[in-house]
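**Student:** Residue numbers (this note's numbering), protein chains in the order written: chain A, 4 to 455; chain B, 197 to 388. The beta-carbon is built from N, C-alpha and C at its ideal position, and this holds for glycine as well. From a predicted model like this one, the values you see are computed outputs, not experimental measurements. Could you have a look at this structure, given as structure tokens, before my questions?
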Ligand code: SF4
């Protein structure tokens, strides 16, 4: 049994919760659908986004240099980091040079990827997550279970209890408005006393040396408004050519992510305010390697909207923690395989190959097709499941030999059910094996019992 | 070799064929009345839209909006009643219980966002204000974000600029929409 099915077993044990999770995400997906359907040029926008990304990826070095040149001219300091360790070190160095030890963070998948927060905390730098969902997860000491909706799996009562303990809110009050405003006050205090702010980057605009950060809460903006030092970290695939491209992506991002027409704030940082500093760190951490992988370089087109998770029937019913990579769903399966098939190969079975992810992706990343391709590569990568391999070998033998096949089809209906319908057959974990008819399709056909 | 050179070299040797830049010449969404569409979208984003009727003085407008002049923070000459943020050296001193009055360059009909390049010494009030009142010329409304970035008033030389669509919001607790996460609790667009 794959690592994904084993972990999912814990999640699906609570049926009510599974259904609730499934429904919550389906609502988000339906909102996306309505947005997509209300825009006549939706498919052209997706195609444009995909082509802009393809174009940029094929000229990535040039665009990054251009971004660096223009950002530097604007007074932004640009750094490069080869891997997680170098990113973390660079962040620490910038902070040490500037001074201060209170950092307010807005959401960044890259910081999760590089385990930046624990790195800083170990060195005496307090790193507070300021996105509400991220803050909830940080106070719970758990990782986010979704890239856009970090606390989608947490119930309001659980947030209520958490805030009771951590923020001193009223006992038994789990009203979302009350709790959100309590968090607002708690984090206001953090913003006003912070020394350093950190944000991710949604789009780095090469032509202008500027970058855009999109949020609904305004937490990234609050952070950068009240601190003198702003550190922005970006994966190197985040660069886009120009404002015309930004126009395309901002039409797609929020519609795909949450079904809003646009995020509340689309903040464009171009120059530091007087007396302040902006540092941008461009991070590789495996991305150049992915670009070299012809079959899977498409993953670098991703704009991290989360739509592929919301639509995924497996993700919705198994939750973010069933995947062993820190990003779940179709996106996480693929990124995990690019990172390390040995470590994360167990996620590849968490896919029904329905390809819904490929159909909703605003950048036309062919997620489903790539998962299929990975499964073909599993054996040569040495990570194929032994039981599945044995089964395929047996099937191969049976299918290739008429005699064995018909003997099997003929005998199966007379084999007592308990022989195959038991707990040693992983297929039977949550379902029944079918009942076999004594007459095969072939026989029925010959007897003329099947109507066209 | 430095990290930078190393990364750039690896990118140059990716073996990926150069791909053309798309022309983006597909037809875009248009509205018969951009103003009406803007109002609809702005309200969906949680903002309220009011009109600045002719003959109304700024003082009278404030009464209509239920804003006390002393709560105002604005650098606009018309609204010089309260504090001027440009006269405050340390933005931490501004506190956060005020209404910021700003002027947008233009609005976007498809999503109700308005373009606000930094007009003050500090951008802090745009986010820390309890409430935002944003003036908008009703003839300056474009259809889509693609039109927005081509607009002549989408100037190239700013410090910080922001498309703002409604008040700050979150749905991080059980997907229940709550207004007033970290930024403004309310946004009023005043059409001129
Ligand atoms: S792969 Fe596509 S759908 Fe999934 S998060 Fe990335 S952009 Fe969104």
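Let me know the secondary structure DSSP gives residue 268 of chain A once reduced to three states.
**Tutor:** Numbered from 1 along the first chain, position 265 holds the residue referred to as residue 268 of chain A. DSSP places residue 268 of chain A in strand when its eight states are reduced to three.
**Student:** Could you check the C-alpha separation between residue 203 of chain A and residue 74 of chain A for me, to the nearest Å?
**Tutor:** Sequence index remark: in the first chain, residue 203 of chain A carries index 200 (1-based). Sequence index remark: in the first chain, residue 74 of chain A carries index 71 (1-based). Straight across, the Cα-Cα distance linking residue 203 of chain A with residue 74 of chain A is about 16 Å.
**Student:** Could you tell me which of B/340, B/349 and B/376 sits nearest to residue 223 of chain B, measuring between CA atoms?
**Tutor:** For the purposes of this step, residue 223 of chain B is taken as the residue at position 27 of the second chain. Minimum Cα distance to residue 223 of chain B is reached at B/340.
**Student:** Can you grab the Cα-Cα spacing for the pair residue 67 of chain A / residue 201 of chain B, in whole Å?
**Tutor:** Within the first chain, the letter at position 64 stands for residue 67 of chain A. Within the second chain, the letter at position 5 stands for residue 201 of chain B. Between residue 67 of chain A and residue 201 of chain B, the C-alpha separation is close to 12 Å.
**Student:** How many Å lie between residue 233 of chain A and residue 39 of chain A at the Cα?
**Tutor:** Here residue 233 of chain A refers to the residue found at position 230 of the first chain. Here residue 39 of chain A refers to the residue found at position 36 of the first chain. So the alpha carbons of these two residues sit roughly 35 Å apart.
**Student:** Using a Cβ-Cβ distance cut-off of 7 Å, determine whether residue 371 of chain B contacts chain A.
**Tutor:** Looking up residue 371 of chain B in the second chain gives position 175. So yes, residue 371 of chain B belongs to the interface.
**Student:** What residues of chain A sit near residue 217 of chain B, judged by a beta carbon separation below 8 Å?
**Tutor:** To locate residue 217 of chain B, count along the second chain from 1; it is residue 21. Result: 54, 55, 58 and 244.
**Student:** Do the CB positions of residue 290 of chain A and residue 345 of chain A come within less than 7 Å of each other?
**Tutor:** Here residue 290 of chain A is taken as the residue at index 287 of the first chain, counted from 1. Here residue 345 of chain A is taken as the residue at index 342 of the first chain, counted from 1. No; because the gap between Cβ atoms is not below 7 Å, this pair is not in contact.
**Student:** Go ahead and label residue 353 of chain B buried or exposed: buried means 16 or more other beta carbons lie within 10 angstroms of its beta carbon, across all protein chains shown.
**Tutor:** For this step, residue 353 of chain B is matched to residue 157 along the second chain. By the neighbour-count rule (16 or more Cβ atoms within 10 Å), residue 353 of chain B is not buried but exposed.
**Student:** Assess, as a yes-or-no matter, whether the segment 314-332 of chain A is touched by the segment 229-248 of chain B under the definition of 3 or more beta carbon pairs within less than 8 Å.
**Tutor:** no
**Student:** Would you tell me roughly how many angstroms separate the C-alpha atoms of residue 380 of chain A and residue 326 of chain B, rounded to the nearest one?
**Tutor:** For this step, residue 380 of chain A is matched to residue 377 along the first chain. For this step, residue 326 of chain B is matched to residue 130 along the second chain. Taking the straight line joining both Cα atoms gives about 55 Å.
**Student:** Within 10 Å of its beta-carbon, does residue 315 of chain A have 16 or more other beta-carbons around it, so buried, or fewer, so exposed?
**Tutor:** Counting from one through the first chain, the residue named residue 315 of chain A turns up at place 312. Buried, since its Cβ has 16 or more Cβ neighbours within 10 Å.
**Student:** At a CB distance below 9 Å, what residues from the segment 307-321 of chain B approach chain A? Give them in sequence order.
**Tutor:** Answer set for the segment 307-321 of chain B: 307, 308, 309, 313, 314, 317, 318, 319, 320 and 321.
**Student:** Does DSSP put residue 232 of chain A in a helix, in a strand, or in coil?
**Tutor:** Your numbering for residue 232 of chain A matches position 229 in the first chain. Reduced to three states, the DSSP call for residue 232 of chain A is strand.
**Student:** Along the segment 206-224 of chain A, what residues have a CB closer than 8 Å to any CB found in chain B?
**Tutor:** 211, 219, 220, 221, 222 and 224
**Student:** Would you kindly work out how many angstroms separate the C-alpha atoms of residue 187 of chain A and residue 257 of chain A, rounded to a whole number?
**Tutor:** Working through the first chain from its first residue, we reach residue 187 of chain A at position 184. Working through the first chain from its first residue, we reach residue 257 of chain A at position 254. Residue 187 of chain A and residue 257 of chain A: Cα-Cα distance of roughly 23 Å.
**Student:** Could you tell me how far apart the beta carbons of residue 308 of chain B and residue 361 of chain B are, in whole angstroms, since I believe they sit closer than 8 Å?
**Tutor:** As a position in the second chain, residue 308 of chain B is number 112, starting the count at 1. As a position in the second chain, residue 361 of chain B is number 165, starting the count at 1. Sure, about 5 Å apart at Cβ, within 8 Å.
**Student:** Residues of chain B with CB closer than 7 Å to the CB of residue 141 of chain A, please, in chain order.
**Tutor:** As a working mapping, residue 141 of chain A is identified with position 138 in the first chain. Residues of chain B passing the Cβ test: none, with the nearest at roughly 12 Å.
**Student:** By the three-class DSSP mapping on this structure, what secondary structure does residue 365 of chain B have?
**Tutor:** Numbered from 1 along the second chain, position 169 holds the residue referred to as residue 365 of chain B. If DSSP states are grouped into helix, strand and coil, residue 365 of chain B belongs with the strands.
**Student:** Does the count of Cβ pairs from the segment 55-71 of chain A and the segment 243-263 of chain A closer than 8 Å reach three?
**Tutor:** yes
**Student:** Excluding the 5 residues preceding and the 5 following residue 3 of chain A in the sequence, name in chain order all residues of the same chain whose CB lies nearer than 8 Å to its CB.
**Tutor:** One cannot answer for residue 3 of chain A here, as it falls past the ends of chain A, which runs 4 to 455.
**Student:** Between residue 198 of chain A and residue 42 of chain A, what straight-line distance do the alpha-carbon atoms span, to the nearest angstrom?
**Tutor:** Position 195 of the first chain, counting from 1, holds the residue named residue 198 of chain A. Position 39 of the first chain, counting from 1, holds the residue named residue 42 of chain A. Rounded to the nearest angstrom, the two C-alpha atoms are 43 Å apart.
**Student:** Which residues of chain A have a Cβ atom closer than 8 Å to the Cβ of residue 335 of chain B, listed in chain order?
**Tutor:** Mapped onto the second chain, residue 335 of chain B falls at position 139. Contact of residue 335 of chain B with chain A by beta-carbon distance below 8 Å is absent, the smallest such distance being about 21 Å.
**Student:** Give the single residue among A/23, A/285, A/12 and A/37 whose Cα lies nearest to the Cα of residue 261 of chain A.
**Tutor:** Indexing the first chain from 1 puts residue 261 of chain A at position 258. When only C-alpha atoms are compared, the closest one is A/37.
**Student:** Three or more beta-carbon pairs under 8 Å between the segment 262-279 of chain B and the segment 286-302 of chain A, yes or no?
**Tutor:** no
**Student:** Using the three-state DSSP reduction, which class does residue 299 of chain A fall into: helix, strand or coil?
**Tutor:** To locate residue 299 of chain A, count along the first chain from 1; it is residue 296. Note: residue 299 of chain A maps to coil in three-state DSSP.
**Student:** Measuring straight from C-alpha to C-alpha, what distance separates residue 453 of chain A and residue 447 of chain A?
**Tutor:** Looking up residue 453 of chain A in the first chain gives position 450. Looking up residue 447 of chain A in the first chain gives position 444. Each residue's alpha carbon lies about 6 Å from the other.
**Student:** At a Cβ cut of 7 Å, what residues of the segment 198-215 of chain B count as close to chain A, listed as they run along the chain?
**Tutor:** 199, 200, 202, 203, 204, 206, 207, 208, 210, 211, 212, 213, 214 and 215
**Student:** Taking the DSSP output, what are the residues bridged to residue 313 of chain B?
**Tutor:** In the second chain, residue 313 of chain B corresponds to position 117, counting from 1. Per DSSP, B/357.
**Student:** Under 7 Å between C-beta atoms, does residue 235 of chain B make it to chain A?
**Tutor:** Your numbering for residue 235 of chain B matches position 39 in the second chain. Chain A, which has no Cβ nearer than 7 Å to the Cβ of residue 235 of chain B, makes this no.
**Student:** Within 8 Å, do at least three Cβ pairs link the segment 329-340 of chain B to the segment 115-126 of chain A?
**Tutor:** no
**Student:** Going by other Cβ atoms of all chains shown within 10 Å of its Cβ, with 16 needed for buried, is residue 288 of chain B buried or exposed?
**Tutor:** Counting from one through the second chain, the residue named residue 288 of chain B turns up at place 92. Result: exposed.
**Student:** Let me check you understand the geometry: is the CB of residue 413 of chain A closer than 6 Å to at least one non-hydrogen atom of ligand 1?
**Tutor:** One-based indexing of the first chain puts residue 413 of chain A at position 410. No, Cβ of residue 413 of chain A sits at least 6 Å from all heavy atoms of ligand 1.
**Student:** On a Cα-Cα basis, can you pick out the residue from B/321, B/384, B/282 and B/299 that is closest to residue 293 of chain B?
**Tutor:** Numbered from 1 along the second chain, position 97 holds the residue referred to as residue 293 of chain B. Selected option, being the one with the closest Cα: B/321.
**Student:** Hey, residue 423 of chain A and residue 436 of chain A: beta-carbon distance below 7 Å or not?
**Tutor:** Along the first chain, one-based indexing puts residue 423 of chain A at 420. Along the first chain, one-based indexing puts residue 436 of chain A at 433. A contact, by the Cβ cut-off of 7 Å.
**Student:** Looking at residue 360 of chain B and ligand 1, is the gap between the Cβ and the nearest heavy atom below 6 Å?
**Tutor:** Position 164 of the second chain holds residue 360 of chain B. It does not: the Cβ of residue 360 of chain B is nowhere closer than 6 Å to a heavy atom of ligand 1.
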